[in-house]
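Shown next, in structure tokens, is the structure this report addresses.
Number of protein chains: 2
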Amino acid sequence: MNLSDFLKQFVSFPPEELEDIISHFEKEIVQKNKTLVTQGQVCNKLYFIEEGVGRSYYLKEDGKEITQWFFIEGKFMSSIESFFQQVPSLYYLEMLEDSTIYSITREKLDALFAKYHDMEKFGRLLSTEMLTRVVNKLNALQFQTARERYDYMLTEFPNISNRVSLGHIASYLGMTQETLSRIRRNDSPKRP
Amino acid sequence: MNLSDFLKQFVSFPPEELEDIISHFEKEIVQKNKTLVTQGQVCNKLYFIEEGVGRSYYLKEDGKEITQWFFIEGKFMSSIESFFQQVPSLYYLEMLEDSTIYSITREKLDALFAKYHDMEKFGRLLSTEMLTRVVNKLNALQFQTARERYDYMLTEFPNISNRVSLGHIASYLGMTQETLSRIRRNDSPKRP
DNA sequence: TGTATCCTTTGACCTATGTCAAAAAGTAAA
DNA sequence: TTTACTTTTTGACATAGGTCAAAGGATACA
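Chains as they are written, first to last, in this note's numbering: chain A, 1171 to 1362; chain B, 1171 to 1362.
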């Protein structure tokens, strides 16, 4: 999905607004393993992924990486609270495949929010949608077993497992790689 | 904190806009244990708490209640994804103290979003703020021990523990009441 | 001011998941 | 196709936190 179609999903922009908005994004081709943002740095870009996969991850004191979120094509990617509150990012942002992305700076985005009421609405709807998705994950982590959390993930990110490593998925789900491997072994989808 | 001050924290509304906006809210005095929304029902009001505490909770198959969020005075309260996506609520909303709240329907709120660009901006900022808070809890649940999660909660909701029951807090933190009781017993604040 | 009800603590025991270590299976590079 | 490296699986063992049951404390109301 391209950026224009994505924007139109949320708000029916007049064509000339849409064109103006899109003209403020910059296309970037990035390679697998490229780090977009480092822990401690303020993230001042919002990215739209046209093609590819990325993740945000947190580095623990003991050096272990904890995946916080996956971002796939047709979605926005950012270190959310760093971008919106302009505070140092707790996370790294990294691409996991060769990808085509479009980026916009905080300044330009704010200008668009101020210029177009429609854009402000888009921003609001995008936030609430993301909020919904985060709440779903929260529920999974708060009251589900390891097995159920794995099932949740398959609905949130279908076939992500062919694209990213087991270790990344395990930490995303708040479990170890060994536990996830054992869950997969008994892989009849859970029936209650 | 009252509604007017809360709105002004996010956006500097012109006085007449502010007045118009506030006039669409309805004041309600509700008693302790009042249920505002039931699981399965679409939540079509957003509440502002002027005084009091509430919570959202989920009822598991085995009848156990799991607190999902606490809402205190000076904050908005709702079954977020039910209100914004107009789908049946997964949660109950309940007040835990006698409270003074202000409510607005989805229709009226949408009309205000459409009427005032400033209000749309307020909506966007409110969503991103809530998103940030939810992400913080997500992190706590995803990679912290029971003890650390308890410490996290004390920063997110200082002295909530004097106002709501231990069982509510425990389920909010994804642990049993017994575990929380044991954590509290050894209550020297964790030093790393 | 006693009685019923609810909330919190404690103890004994159990289990899901983590930890550590090594083997096996993939993947890439030469 | 051999070598080196990364990822996944497996096994043995450890432990945080859950479960169940009962005893204390609070609180409310009659």
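Note that CB positions come from ideal geometry on N, CA and C, so glycine has one too.
From a predicted model like this one, the values you see are computed outputs, not experimental measurements.
- Here Tyr1262(B) carries a strand assignment [DSSP, helix/strand/coil].
- Excluding five sequence positions before and after Val1200(A), the CB atoms of its chain that fall closer than 7 Å to its own CB belong to Met1265, Ser1269 and Ile1271, given in chain order.
- When Cβ-Cβ separations below 7 Å define contact, Thr1298(A) makes contact with chain B.
- Within the same chain, and ignoring the five residues on either side of Val1223(A) in sequence, the residues whose Cβ sits closer than 8 Å to its Cβ are Phe1240, Phe1241, Ile1242, Glu1243, Met1265, Leu1266, Glu1267, Ser1269, Ile1330, Arg1333 and Val1334.
- Interface residue (Cβ-Cβ distance to chain B less than 7 Å): Val1304(A) is classified as such.
- Of the candidates Leu1311(A), Asp1280(A) and Leu1324(A), Asp1280(A) places its Cα closest to the Cα of Arg1294(B).
- Here Arg1225(A) is buried: its Cβ has 16 or more other Cβ atoms, across all protein chains shown, within 10 Å.
- DSSP, read as helix, strand or coil, puts Ser1297(A) in helix.
- Residues of chain A whose Cβ lies closer than 8 Å to the Cβ of Phe1283(B) are, in chain order, Lys1291 and Arg1294.
- For the pair Leu1260(B) and Leu1206(B), the CB atoms are not nearer than the 7 Å cut-off.
- Cβ neighbours of Glu1231(B) within its own chain (closer than 8 Å, five residues either side excluded): none.
- DSSP, reduced to helix, strand and coil, places Lys1197(A) within a strand of the structure shown.
- Under the three-state reduction of DSSP, Glu1243(B) is assigned to coil, being neither helix nor strand.
- Short of 8 Å from the beta carbon of Gly1210(A), and not among the five residues preceding or following it, lie these beta carbons of its own chain, in chain order: Pro1258 and Ser1259.
- In the DSSP annotation of this structure, Ile1330(A) is not part of any alpha helix (DSSP H), being labelled neither H nor E.
- One Cα belongs to Thr1275(A), the other to Gly1337(B), and the distance between them is close to 45 Å.
- Val1305(B) and Ser1193(A) have their C-alpha atoms spaced approximately 31 Å apart.
- Under the DSSP assignment, Thr1275(B) falls in the beta strand (DSSP E) whose first and last residues are Ser1269 to Thr1275.
- When only Cα atoms are considered, Asp1321(B) and Met1345(B) end up about 14 Å apart.
- Within the same chain, Cβ atoms closer than 8 Å to the Cβ of Lys1278(B) are found at His1194, the five residues on either side in sequence being excluded.
- Annotated three-state conformation of Lys1215(A) is strand, per DSSP.
- Within the same chain, and ignoring the five residues on either side of Met1247(B) in sequence, the residues whose Cβ sits closer than 7 Å to its Cβ are Tyr1217, Ile1219, Gly1224, Phe1241 and Leu1263.
- At a cut-off of 7 Å between C-beta atoms, Ile1191(B) does not count as an interface residue with respect to chain A.
- Closer than 7 Å to the CB of His1338(B) there is not a single CB belonging to chain A.
- For the 7 Å CB-CB criterion, Glu1221(B) and Thr1302(A) do not form a contact.
- Annotation: Arg1317(A) to Thr1325(A) spans about 13 Å, alpha carbon to alpha carbon.
- At the C-beta level, Thr1237(A) and Ser1351(A) stay beyond 7 Å of one another.
- The closest CA to that of Glu1290(A), considering only Leu1173(A), Phe1183(A) and Met1171(A), is found on Phe1183(A).
- If you compare the alpha carbons of Pro1328(A), Thr1315(A), Leu1229(A) and Glu1187(A) with that of His1287(A), the shortest gap goes to Glu1187(A).
- Ranked by Cα distance from Val1212(B), the options Leu1177(B), Val1181(B) and Gln1255(B) are led by Gln1255(B).
- Gly1224(A): member of the beta strand (DSSP E) spanning Val1223 to Leu1229, first to last residue.
- Within the same chain, Cβ atoms closer than 7 Å to the Cβ of Ile1353(A) are found at Ala1316, Arg1317 and Tyr1320, the five residues on either side in sequence being excluded.
- Just so you know, the alpha carbons of Gln1314(B) and Asn1356(A) end up roughly 27 Å apart.
- Counting of Cβ neighbours within 10 angstroms places Ala1284(A) among the exposed residues, the total staying below 16.
- Classified as buried, Met1300(A) has 16 or more neighbouring CB atoms from the shown chains inside 10 Å of its CB.
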